[in-house]
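Taking the numbering used here as reference, the numbering of the sequence shown is continuous, increasing by one, and the terminal residue is 610. Cβ coordinates follow ideal geometry from the N, Cα and C atoms, glycine included. All values derive from a computational prediction rather than experimental measurement. Here is the structure we will look at, set down as structure tokens.
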Amino acid sequence: MASRICHVLYLAAHGGFAGQPVPLGGGAAVANLLETEWRRTRPFELEVLGPSILGAEAPSARELVRFDERQYAAFCTRFHEATTREALRHDPRNTAILVNDLAEGPDFARLARAGFHIVTLYHVDVVAYIASIYLRNRISAPVLARLWERLRPVAAPFAPRILRLIFEQQRASLVHSARVVVPSSPMRDILLRGYPAAAEDRFEVLNWGALPVGSIPDARLRIEREFSVPAGAEVLVCLSRLSPEKGHDLLLEALLEGERQDLLPQPLWLFICGEPAFMHGDRYAARLRTLASRLRHTQVRFPGYVTGERKAVFLQAADLYLFPSRHESYGLTLVEAFAAGTPAITLDHAGAHDLVTADRGRMIEANPASSLPRRLAASISGLLADPERLARMGAAARQWAGDHPFAHSAASLASLLQEA
Numbered sequence: 191m192a193s194r195i196c197h198v199l200y201l202a203a204h205g206g207f208a209g210q211p212v213p214l215g216g217g218a219a220v221a222n223l224l225e226t227e228w229r230r231t232r233p234f235e236l237e238v239l240g241p242s243i244l245g246a247e248a249p250s251a252r253e254l255v256r257f258d259e260r261q262y263a264a265f266c267t268r269f270h271e272a273t274t275r276e277a278l279r280h281d282p283r284n285t286a287i288l289v290n291d292l293a294e295g296p297d298f299a300r301l302a303r304a305g306f307h308i309v310t311l312y313h314v315d316v317v318a319y320i321a322s323i324y325l326r327n328r329i330s331a332p333v334l335a336r337l338w339e340r341l342r343p344v345a346a347p348f349a350p351r352i353l354r355l356i357f358e359q360q361r362a363s364l365v366h367s368a369r370v371v372v373p374s375s376p377m378r379d380i381l382l383r384g385y386p387a388a389a390e391d392r393f394e395v396l397n398w399g400a401l402p403v404g405s406i407p408d409a410r411l412r413i414e415r416e417f418s419v420p421a422g423a424e425v426l427v428c429l430s431r432l433s434p435e436k437g438h439d440l441l442l443e444a445l446l447e448g449e450r451q452d453l454l455p456q457p458l459w460l461f462i463c464g465e466p467a468f469m470h471g472d473r474y475a476a477r478l479r480t481l482a483s484r485l486r487h488t489q490v491r492f493p494g495y496v497t498g499e500r501k502a503v504f505l506q507a508a509d510l511y512l513f514p515s516r517h518e519s520y521g522l523t524l525v526e527a528f529a530a531g532t533p534a535i536t537l538d539h540a541g542a543h544d545l546v547t548a549d550r551g552r553m554i555e556a557n558p559a560s561s562l563p564r565r566l567a568a569s570i571s572g573l574l575a576d577p578e579r580l581a582r583m584g585a586a587a588r589q590w591a592g593d594h595p596f597a598h599s600a601a602s603l604a605s606l607l608q609e610a
């Protein structure tokens, strides 16, 4: 029987800013890519509800990434109310709801009671993020989620507003969504352990795949000319917003240890592409520059936010892509590196487990933390010392990206939206 769903409301709190040079993150990037793909293939009528729904109160992309906790909580509340009102104007018999962001999401319970087929995309398990970044894994994400469940009748009214939004919205999304789409199997497993009442058969692991990338034959030459990189230098690239969870400091500490132990080849250049974003970005960026200044031989450059062809140039010019995040649910830039034919070294976060295999990269255990700098430096040095192996890994990475196109993932998600 044909699906009755012909209209999809896509609720994306960071959507509608495609092409703007602002580091909104992977969730915003996926929203833009899905919108572009579905405008092309037209599986249904698509209506995107982004911040512009707030009218005169709508923040710009630049304002969004500069909000403090109080300002962001206020934005979440306004977006929650506005998107819920707008959704309820539609007919649940032919309209599905796709939710791109959790804390900023709608009133899940109210929309479910109204009969809407709700599909929620998990770009970040925010409870796991809190456990990893703020609590430094002293309490695991599943334990933290179950603790909130026990304490919420008493604690919720007294918790800071932003915490109430995070915990309550994540809980509501898992209870009331017909489908929960996650980018990796480790994320699914963590959520199921934290929310025993969540139905496992509602989860769908959907790897976003890669966009086709055209070859830029002179990519390395462009970087060498722009930054005066000497011929024969080894080039490392790291590409993400500058924020503590991205782990650039761990990488710089590894390079410092590598210099102390004389592990690293020379000349060696590192490009940290990105700019500060969200609550702790500016302070973190200052720390990174301080760490970089302590390196005696390795040259570190901060080219700022890069996108489009310039991003592709950096990825294709690199000998090795570095992805040292403390917490990562997926990692679009990792997949972009694979599409560019560049192998990667990552830490063992959830985003790497389904993507990084020995034939296209290396995954480094984050613990014990005391030995991480040396182990990471040794891994970088070992791969750079074997250019033939790097070339084979790069070819395998490019092959994987070609076998996993984003268009297939977008089509799979469209089918989930239409299954009501």
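Rounded to the nearest angstrom, the Cβ distance from L364 to L341 is 18 Å, too far for a contact under 8 Å. The secondary-structure analysis by DSSP pairs E259 with nothing; it has no beta-bridge partner.
Cβ contact annotation for L458 (same chain, cutoff 6 Å, sequence separation greater than five): E424, T488, in chain order. DSSP places G384 within a helical segment (H, G or I) once states are collapsed to three. Minimum Cα-Cα distance from Q360 among the listed residues T274, I243, V289 corresponds to V289.
Within a 10 Å sphere around the beta-carbon of Q451 sit fewer than 16 other beta-carbons, which makes this residue exposed. The criterion of a C-beta distance shorter than 8 Å is not satisfied by I352 and A502. A575 and L426 have their C-alpha atoms roughly 13 Å apart. Scanning the stretch 438–526 from its first residue to its last, the whole beta strand (DSSP E) runs of 3-plus residues come out as 458–463, 489–494, 510–513. Taken in chain order, the unbroken stretches of alpha helix (DSSP H) that lie wholly in the stretch 329–365 and span 4 residues or more are 331–345.
Straight-line measurement puts the Cα of R194 at about 28 Å from the Cα of S242.
Pairing T310 with S367 gives a Cβ-Cβ distance under 8 Å. According to the DSSP assignment, E394 belongs to the beta strand (DSSP E) that extends over 393–395.
In this structure, F306 places its C-beta atom within 8 Å of the C-beta atom of T285. Q210 sits exposed, since fewer than 16 C-beta atoms from the chains shown fall within 10 Å of its C-beta. Cα atoms of A318 and P420: separation of roughly 42 Å, rounded to the nearest angstrom. With a threshold of 16 other beta carbon atoms within 10 Å, Q506 meets it and is buried. In the structure shown, A286 adopts extended strand secondary structure according to DSSP, grouped into three states.
Of the residues assessed, N557 falls on the exposed side of the cut-off, its CB having fewer than 16 other CB atoms within 10 angstroms. Shown here, L401 sits in coil according to DSSP, grouped into three states, outside any helix or strand. Under the Cβ criterion (8 Å, minimum of three pairs), the stretch 333–347 does not count as touching the stretch 251–264.
In the structure shown, the three-state DSSP call for P563 is helix. Between the alpha carbons of V316 and A251 lies a distance of about 21 Å. Taking P249 as reference, the option from L214, R232, F234 with the minimal CA-CA separation is L214. In this structure the stretch 568–582 lies against the stretch 526–545, because at least three pairs of beta carbons, one per stretch, are closer than 8 Å. The stretch 478–486 and the stretch 392–402 do not touch, with fewer than three beta-carbon pairs separated by less than 8 Å.
The three-state reading of DSSP puts T274 in helix, counting H, G and I together. For Y200, the enclosing beta strand (DSSP E) has its first and last residue at 197–201. When the five nearest sequence neighbours on each side are left out, the beta carbons in the same chain lying within less than 7 Å of the beta carbon of A597 are those of E227, in order along the chain. Remark: C-beta atoms of G448 and S569 do not approach each other more closely than 8 Å. In the three-state reduction of the DSSP assignment, E225 falls in the helix class.
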